[in-house]
Each structure stands twice: as C-alpha cells, then as structure tokens.
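S.K.: Below is the structure I would like to discuss, written out as structure tokens.
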Amino acid sequence: MKHRTAFFPGSFDPFTKGHEDIVLRALALFDEIVIGIGHNSSKARYFSLEKMKEAIEKTFEGKPIRVVTYQNLTATVAREVGARFIIRGLRNTTDFEYENSISQVNRHINEELETVFLITSPHLAPISSTIIRDLHRYGSSINQYLPYNLEEEQSN
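Throughout, the numbering used here is defined as the position within the sequence shown, counted from one, plus 216.
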C-alpha cells in the first residue's frame, strides 16, 4: 500500500485545539501529516513563527507529524513535501466557500493534489485564531483554547 502523506497548511497564529483536533482525526486517514506554517506577507504575525513551530512539534511528539515553515504557494509546498492531499478544517459554510475556491486553484497548480475537508468538532467550532489573539492582546487567559501552554513572552 502506498504511503499517504497529507499537508495541513495555515498561519497557525496561534495553533489551537481546533487545529489539533483536525490533525488527530486526519491521522486515522493518512500515514503522515506535514503541518505547514505559512508566511502571509499581508499579515504581521502576533506569535513568533519559531515559538509556534516548537509548540506544535512538542504537541505531536512521537506521532508521524512533521512541522515546516514556508513562503511559497501551498500547492507547490505540498508537492515538495511529498503530499498528495491537503487537509482543511471547516467550521461553517463561510469557511467552505473560501476553502472550496482555494482548493480549485491548488488543483489547477498541482493536478495530483486532492483537498480533504474535515468538519470541525462542534465543541471546538467557536474557536478561531483571530479571537484568541484578541483575548490575549487584552489580557485574557488563552491556554484553555490551546493544546500547549503559551508563555506570555511569546507575543510580539
């Protein structure tokens, strides 16, 4: 049987329990998951890229998961890491509309690439990185939304 590698891209600023849930569920479908932390030139990161990569690696220690950072098209990076599948989590229909368009473009760039959509577990659907950044920015505790403990000094 062929080794099945999937690529899970995102800015992960920060990586949440919702993201963790998608990765853990995807492990039942794939032999290896490559989590790709993309650099979005139109956004300034709130949490350090290096610290986030380290936190994600520790979260999945001992599991068939690699973490990479990248500054390229997602479809191109998926090919570079040997993935024929992209994993995307969907919280709602708005996410679907956005992700569907991106999956079509990715498939145009890399014809061998399939996007697999996983529906977010209901209890995690309200969690978003944007909300977590806002909570942190205004002094609220955010560790309950993260699969790791985030030190206060990790923010910019």
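We put the CB at the ideal spot given by N, CA and C, even for glycine.
1) Is the stretch 255-268 touching the stretch 297-305, taking contact as three or more C-beta pairs under 8 Å?
2) Which runs of the alpha helix (DSSP H) spanning at least 4 residues fall entirely within the stretch 264-294, listed in chain order?
3) Report yes or no: do three or more beta-carbon pairs, one from the stretch 344-356 and one from the stretch 221-233, lie closer than 8 Å?
4) Kindly indicate the opening and closing residues of the beta strand (DSSP E) around residue 306.
5) Does the beta-carbon of residue 220 have 16 or more other beta-carbons within 10 angstroms, so that it is buried, or is it exposed?
6) Which residues bound the beta strand (DSSP E) around residue 226?
7) Across which residues does DSSP place residue 252 in a beta bridge pair?
8) Determine the direct distance from the alpha carbon of residue 289 to that of residue 321, and round the result to whole angstroms.
9) Please work out which residues of its chain come closer than 8 Å, Cβ to Cβ, to residue 308, disregarding the five sequence neighbours upstream and downstream, and give them in chain order.
10) Could you check which residue in 237, 254, 248 has the C-alpha nearest to that of residue 218?
11) Considering only residues of the stretch 317-359, which uninterrupted alpha helix (DSSP H) runs meet the minimum length of 4 residues and lie entirely inside it, listed in chain order?
M.R.: To lay it out plainly:
1) no
2) 265-275
3) yes
4) 301-306
5) exposed
6) 221-226
7) 225, 284
8) 10 Å
9) 341
10) 248
11) 345-353
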